[in-house]
Amino acid sequence: MLSGGVLLLVLAAWQAVVRVFDVPEVLVPAPTEVLASLVAGLADGSLVEHSWVTLQEILVGFGIAVLAALLCAFLVTQSRVLDKALFPLIVMTQTIPKVAMAPLLVVWFGTELTSKVLTTALIAFFPLLINAILGLRSADPDQIDMLRSFGATRMDVLRRLQIPSALPHIFAGLDVAVVLSVTGAIVAEFVGATAGLGYVIQATNFTLDVSRTFAVLVILSAIGLALHAIVVVCNRKIVFWSAEHRTPTEQA
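Sequential numbering of the sequence shown, starting at 414, is according to the working numbering.
Below, the structure is given as structure tokens:
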């Protein structure tokens, strides 16, 4: 409620400043003009179509990042040889700015879905990988030794102890990665695209249709908030034993 009230105050102040000082629409449009452009774009279907293109890139890229990060985290934490061989290589590749790789991916894979998905996956991959590795390594060594003393195999330890211990860390990484996926898709569309919200932003910048640009930013914010909310809900449902999801009475 408080954040909603603050948002309304900001919008009201924005509207007042634009009207009082007669700010040109090509610089900063009033919220009412942004809303009108948003409604018009949704009504004629153009923004819906471009939003669907970007959402596909986000979801597929995020899915690839999740699968790759969890697989790499499993390999790194279960094998010292792979840890020494893979982890330095992964860190080295992450020092390369992903924005700099986006043009190469467009050259290699064209302006269709593949280059956008790969850019999105690369940007979302590393935060999730680090959190997954930290989570898998956070299991209590004494508990691991106890399970092994009862004859537990490596997979038993992983399933019964390491994965449950890692879940809070993994969901923290998912929360970061899903937001970065939105950024990754837009960056990829800026580099080369024929559809998508990033493409719309560039096109409206050329035509000075700033109201439509702001409308696209509203849609991107809504997508990011929705994906964040989904991760939060899944976190609360799956990692229900975590202290951050328990009431003070339950913690006592």
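For every residue, glycine included, the Cβ atom is placed at its ideal position computed from N, Cα and C.
The model shown is predicted, which means the values in this text are computed figures rather than measured ones.
Quiz prompt | Span of the alpha helix (DSSP H), counted from its first residue to its last, around residue 503 | solution = 493-507
Quiz item: Of all the alpha helix (DSSP H) runs that stay within the bounds of the region 510-588, which reach a length of 4 or more residues?
Solution: 511-522, 526-549, 554-562 and 567-570
Self-check item: Burial state of residue 417 (16 or more Cβ within 10 Å)
Solution: exposed
Practice problem: Determine the contact status of residue 589 and residue 644, defining contact as a CB-CB distance below 7 Å. | Solution: no
Quiz item: Considering only the beta carbon of each residue, do residue 545 and residue 482 sit closer than 7 Å?
Solution: yes
Quiz item: Where does the unbroken alpha helix (DSSP H) through residue 620 begin, and where does it stop?
Solution: Element bounds for residue 620: n/a, residue is neither H nor E.
Self-check item: Straight-line gap, residue 432 to residue 509 (C-alpha atoms, nearest Å)
Solution: 45 Å
Exercise. Express the C-alpha separation of residue 563 and residue 522 in angstroms, rounding to a whole number.
Key: 52 Å
Quiz item: In angstroms, rounded to a whole number, what distance separates the CA positions of residue 649 and residue 434?
Solution: 47 Å
Quiz item: With DSSP run on the structure shown, which of helix, strand or coil describes residue 462?
Solution: helix
Quiz item: By the 10 Å Cβ neighbour count, where 16 or more other Cβ atoms means buried, how is residue 597 classified, buried or exposed?
Solution: buried
Exercise. Identify which residue in 495, 456 and 537 has its Cα closest to the Cα of residue 476.
Key: 537
Quiz prompt | Distance CB(residue 623)-CB(residue 444) smaller than 7 Å | solution = no
Self-check item: Inter-stretch contact at 8 Å, needing at least 3 Cβ pairs: the region 462-474 / the region 604-613
Solution: yes
Quiz item: With DSSP run on the structure shown, which of helix, strand or coil describes residue 446?
Solution: helix
Quiz prompt | Selection from 492, 519 and 480 that minimises the alpha carbon distance to residue 539 | solution = 480
Exercise. Give the secondary structure of residue 608 by DSSP, where H, G and I count as helix, E and B as strand, and everything else as coil.
Key: coil
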